[in-house]
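S.K.:
Residue numbers (UniProt numbering): 1 to 108.
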């Protein structure tokens with residue numbers, strides 16, 4: 001299987017390489033290492049490191065019994081973005097807080 005994958009990545013055709021293998025199986029294994037393009041208009045505001053920093057702050061505050069509500073957290077996210085001069089949606093500037101969907105995308 002690995003030999004067939006390497007041959008395909010070197011330029012051989014998938015159908016020609018998949019003589020004793022199922023074409024669909026070989027094609028799936030070749031595609032598994034290729035990232036799919038992002039679809040839609042969604043662009044993340046924060047990088048993964050910045051999200052992790054916010055989540056760690058939230059956990060630290062919870063550990064000292066100063067937990068934040070969801071509204072306080074999305075206001076904190078707006079303040080964080082504004083302070084770091086990051087690009088964020090216009091609705092955040094208008095409302096002075098991040099959108100409600102912001103919390104859905106944060107890893108826990």
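Yeah, the Cβ is synthetic: ideal placement off N, Cα and C, and Gly gets one too. None of these values were measured; they are calculated from a predicted model.
Does residue 18 come out as helix, strand or coil in the three-state DSSP assignment?
M.R.: By one-based count along the chain shown, residue 18 stands at place 18. Here residue 18 sits in coil by DSSP.
S.K.: Could you name the residues of the same chain whose beta carbon sits closer than 6 Å to that of residue 35, not counting the 5 residues immediately before and after it, in chain order?
M.R.: Along the chain shown, read from residue 1 onward, the residue named residue 35 stands at position 35. Only weak support is given to the placement of residue 35: the predicted model assigns it a pLDDT of 49, under 50, and the question is left unresolved by the model.
S.K.: Give me the residue from 65, 47, 81, 103 with the minimum Cα distance to residue 93.
M.R.: Indexing the chain shown from 1 puts residue 93 at position 93. Closest option to residue 93, Cα to Cα, is 81.
S.K.: Tell me which residues share the same chain as residue 70 and place their Cβ nearer than 7 Å to its Cβ, disregarding the 5 neighbours each side in the sequence.
M.R.: One-based indexing of the chain shown puts residue 70 at position 70. So the list reads 103, once near-sequence residues are dropped.
S.K.: Which of the three DSSP states is assigned to residue 66 in this structure?
M.R.: Taking the chain shown and counting its residues from 1, the one referred to as residue 66 is at position 66. Residue 66 falls in the coil class under three-state DSSP.
S.K.: Can you check whether the CB of residue 58 is closer than 8 Å to the CB of residue 46?
M.R.: Your numbering for residue 46 matches position 46 in the chain shown. Your numbering for residue 58 matches position 58 in the chain shown. No.
S.K.: Going by DSSP in three states, residue 12 sits in which element: helix, strand or coil?
M.R.: Walking along the chain shown from the start, residue 12 turns up at place 12. Note: residue 12 maps to coil in three-state DSSP.
S.K.: Would you mind giving the Cβ-Cβ distance between residue 14 and residue 30, rounded to the nearest angstrom? I have them listed as a contact below 8 Å.
M.R.: If you number the chain shown from 1, residue 14 lands on position 14. If you number the chain shown from 1, residue 30 lands on position 30. Residue 14 to residue 30, Cβ: 7 Å. Contact.
S.K.: Starting from the C-beta of residue 9, find all residues in its chain whose C-beta is less than 8 Å away, skip the five residues before and the five after it, and write them out in chain order.
M.R.: Within the chain shown, numbered from 1, the residue matching residue 9 stands at position 9. The answer, listed in chain order, is 30.
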